[in-house]
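For reference, each letter of the sequence shown is one residue, going 2 to 251 in the working numbering.
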Amino acid sequence: MDGKTALVTGAGRGIGRAIALGLAQSGARLALVARSRDELEQAAGQVQELGGKALVIAADVGSPGQLAAAADRARGELGDVDVLINNAAVVTPLGASAGIDPAQWAAAIGVNVVAVASLSFLLLPAMITNGWGRIVNVSSGIAARPAGMVRANAYATSKAALEAHTINLAAELAGTGVTVNAFRPGSVDTAMQAWIRGQDPDQVGAELHQRFTASYQQGSLISPQRSAQSLLAQLDTDATGQIWDVSAAA
Numbered sequence: 002m003d004g005k006t007a008l009v010t011g012a013g014r015g016i017g018r019a020i021a022l023g024l025a026q027s028g029a030r031l032a033l034v035a036r037s038r039d040e041l042e043q044a045a046g047q048v049q050e051l052g053g054k055a056l057v058i059a060a061d062v063g064s065p066g067q068l069a070a071a072a073d074r075a076r077g078e079l080g081d082v083d084v085l086i087n088n089a090a091v092v093t094p095l096g097a098s099a100g101i102d103p104a105q106w107a108a109a110i111g112v113n114v115v116a117v118a119s120l121s122f123l124l125l126p127a128m129i130t131n132g133w134g135r136i137v138n139v140s141s142g143i144a145a146r147p148a149g150m151v152r153a154n155a156y157a158t159s160k161a162a163l164e165a166h167t168i169n170l171a172a173e174l175a176g177t178g179v180t181v182n183a184f185r186p187g188s189v190d191t192a193m194q195a196w197i198r199g200q201d202p203d204q205v206g207a208e209l210h211q212r213f214t215a216s217y218q219q220g221s222l223i224s225p226q227r228s229a230q231s232l233l234a235q236l237d238t239d240a241t242g243q244i245w246d247v248s249a250a251a
């Protein structure tokens, strides 16, 4: 990645920050995108400690205007983006689907699918012109078993759609030098996991709450760093249209 420019969404914490740090260690320049400026500044400080360069862009990827502005700023200050890691996502709304606000459901699809596609489309022209690019969309194992997260309909739907988008776009771009793959990061000890454990079981569903709580108590969650290492190990390939699993390079 020496000399390459990488943009990582959801880069302020968890898997996104770990991926960004791994890319920095490989020599990439970083554009760090997330809603929390404070968390991004912390991540940027860690990148700089590694001798890397990080541009902080506080933006809500669910806002089309902020997303486009983030892409413009990254290109303006760092040059063409060579590597795009679409990591930002939301797990809400959680609850019985009959009681979910359709606008909240649509907003989740907007962050988890529409923003991913939009940012990719904004950055693709330069990748195609340059004959090289890497796009990785962070998915979830739930895409393979959508019934596994009852009362998380928006999240399950979005991750399945994300993988279909990934495979279709990869087929379209075959032969251009631009690869598009999805990554299932495994069960990772993140703030999202902690948030679900802290919710009322009656609201999010007792089964879902118990499963997330048990995973934490049993120590079966992996670290963001381990998950990120798996993604980065698979990034150095010409393979495209694949669904990478964390266990493949663990």
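Every residue, glycine too, gets a C-beta built ideally from N, C-alpha and C.
Only a predicted model underlies this, so the values are computations on that prediction, with no experimental measurement involved.
Nearest-angstrom Cα separation, counted from residue j out to residue i
| i | j | result |
| --- | --- | --- |
| V137 | G66 | 22 Å |
| A251 | R198 | Low local confidence applies: a pLDDT of 44 at A251 is under 50, so the model's placement there is unreliable, and no value is given. |
| V139 | G77 | 25 Å |
| V151 | D203 | 13 Å |
| V115 | I16 | 20 Å |
| G178 | Q200 | 44 Å |
| Y217 | V189 | 9 Å |
| L174 | A25 | 27 Å |
| G176 | D3 | 23 Å |
| K54 | G149 | 40 Å |
| A171 | A207 | 38 Å |
| T241 | Q194 | 29 Å |
| N154 | A32 | 31 Å |
| S37 | T238 | 32 Å |
| L222 | A127 | 38 Å |
| A19 | A229 | 6 Å |
Identity of the residues DSSP links to residue i by a beta bridge
| i | result |
| --- | --- |
| I86 | V9, V137 |
| L56 | A32 |
| W245 | F184 |
| V179 | G134 |
| V189 | I223 |
Check whether residue i and residue j have beta carbons under 8 Å apart
| i | j | result |
| --- | --- | --- |
| W245 | R185 | yes |
| A70 | A60 | yes |
| I58 | V9 | no |
| V112 | G63 | yes |
| G13 | E50 | no |
| A35 | A118 | no |
Classification of residue i by the beta-carbon crowding that lies within 10 angstroms, buried from 16 upward
| i | result |
| --- | --- |
| D83 | buried |
| P94 | buried |
| N131 | exposed |
| T167 | buried |
| A7 | buried |
| S159 | buried |
| N169 | exposed |
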